[in-house]
Amino acid sequence: LVTPPHIVPEWYFLPYYAILRAVPDNFVDIWGILPVIIPAKTAGVIAMFASILVLMVLPWLDTSKVRSAKFRPTYFWLFWIFVIDTIILGYIGAKPAEGTFLIVGRLATAYYFLHLVVLVPLVGKFEKTKPLPDSISSAVTAAGSDAKEAS
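Residues in the sequence shown are numbered from 1 upward in steps of one, following the working numbering.
Given below as structure tokens:
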């Protein structure tokens, strides 16, 4: 059974659909380290579910003591690159899996996992964060300290 190319999932599933289709047919030949032959369709399904599961364990992968990207300058930019990557995956998921779309989908899939599994833990460990404010109100408003004194 083969899904016709004009049938695509809803927009919110498109990034995962692109990850599903990003796994090449010669998956085992490219990696060359797997003793077991995994069919490309199975490897694609594994990659798709892994892309969802990695989001569930993301709170444990983030090793930074500071949770807000506002005080993490390096992660701030990496986060926006990740958002752009996810939008690219969504766009690629709506296109046929051929030619340039396939190559871009594979590169975007590689960055998706690189960001979540490698960059998030490493940046959290080695990034120099900005100083944290004394309170939430002082971070949000300029008059945060005045509101604190008035209460």
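Yeah, the Cβ is synthetic: ideal placement off N, Cα and C, and Gly gets one too.
Option in the options with minimal Cα separation from residue i
| i | options | result |
| --- | --- | --- |
| Pro59 | Thr129, Leu116 and Glu127 | Leu116 |
| Ile136 | Arg106, Ser68 and Arg21 | Ser68 |
| Leu53 | Tyr16, Thr86 and Lys41 | Tyr16 |
| Gly124 | Val66, Pro4 and Arg106 | Val66 |
| Pro4 | Trp11, Lys130, Thr86 and Ala97 | Ala97 |
Anticipated Cβ contact below 8 Å, residue i with residue j, distance rounded
| i | j | result |
| --- | --- | --- |
| Ala43 | Val23 | 5 Å |
| Leu89 | Thr109 | 7 Å |
Burial state of residue i, where buried means 16 or more other Cβ atoms lie within 10 Å
| i | result |
| --- | --- |
| Gly99 | exposed |
| Met56 | exposed |
| Val162 | Past the edges of the chain, shown from 1 to 151, lies residue 162, and the structure says nothing about it. |
| Ile92 | buried |
| Ile19 | buried |
| Tyr112 | buried |
| Leu14 | buried |
Cβ-Cβ distance between residue i and residue j below 8 Å
| i | j | result |
| --- | --- | --- |
| Thr63 | Pro121 | yes |
| Ala94 | Val8 | yes |
| Phe82 | Leu132 | no |
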